[in-house]
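In the working numbering, the protein residues as written are 131 to 228. Think of the CB as a built atom: it goes at the ideal place given N, C-alpha and C, for glycine as much as any other residue. Notes for the one structure printed next.
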């Protein structure tokens, strides 16, 4: 290996925070739905797998009477700058605390 043969890696260790609005690209991790260009909200992040659970407000879940929350990889998400969105669980937490 010559001195000028250098490989450079760029790693992004930042985690997208809960409530951040994101635009998704492609199918979710289970290949259930292609929601390309649909905006959702980061509901939670799994440190073990590095996956993001994305909540889609106003869309029905796969199981009747549930909210639609699908799993995506970081590279499938584009952060939407601006106002924060509501996570699927925030209304329940607010109700219980009142």
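Taking the straight line between their C-alpha atoms, what separation do you get for residue i and residue j?
i           : j           : result
residue 188 : residue 135 : 52 Å
residue 159 : residue 194 : 20 Å
residue 137 : residue 148 : 34 Å
residue 221 : residue 185 : 13 Å
For residue i, which beta-bridge partners are listed by DSSP?
i           : result
residue 187 : The partner list for residue 187 (beta bridge, DSSP) is empty, contrary to what the question assumes.
residue 169 : 153
residue 197 : 190
List the whole-angstrom C-beta distance separating residue i from residue j, where the pair is believed to meet the contact cut-off of C-beta under 8 Å.
i           : j           : result
residue 175 : residue 164 : Not a contact, Cβ separation roughly 22 Å.
residue 150 : residue 223 : With 8 Å as the limit, residue 150 and residue 223 do not qualify as a contact, their Cβ atoms being about 18 Å apart.
Are the beta-carbon atoms of residue i and residue j separated by less than 9 Å?
i           : j           : result
residue 171 : residue 212 : no
residue 167 : residue 154 : yes
residue 181 : residue 197 : no
residue 173 : residue 199 : yes
Can you tell me where the beta strand (DSSP E) holding residue i begins and where it ends?
i           : result
residue 206 : Looking at the DSSP string, residue 206 is not in any beta strand (DSSP E), and its letter there is neither H nor E.
For the ligand COA, is there a heavy atom less than 8 Å away from the beta-carbon of residue i?
i           : result
residue 187 : Because no ligand of any kind appears in the structure shown, any question about the ligand COA cannot be addressed here.
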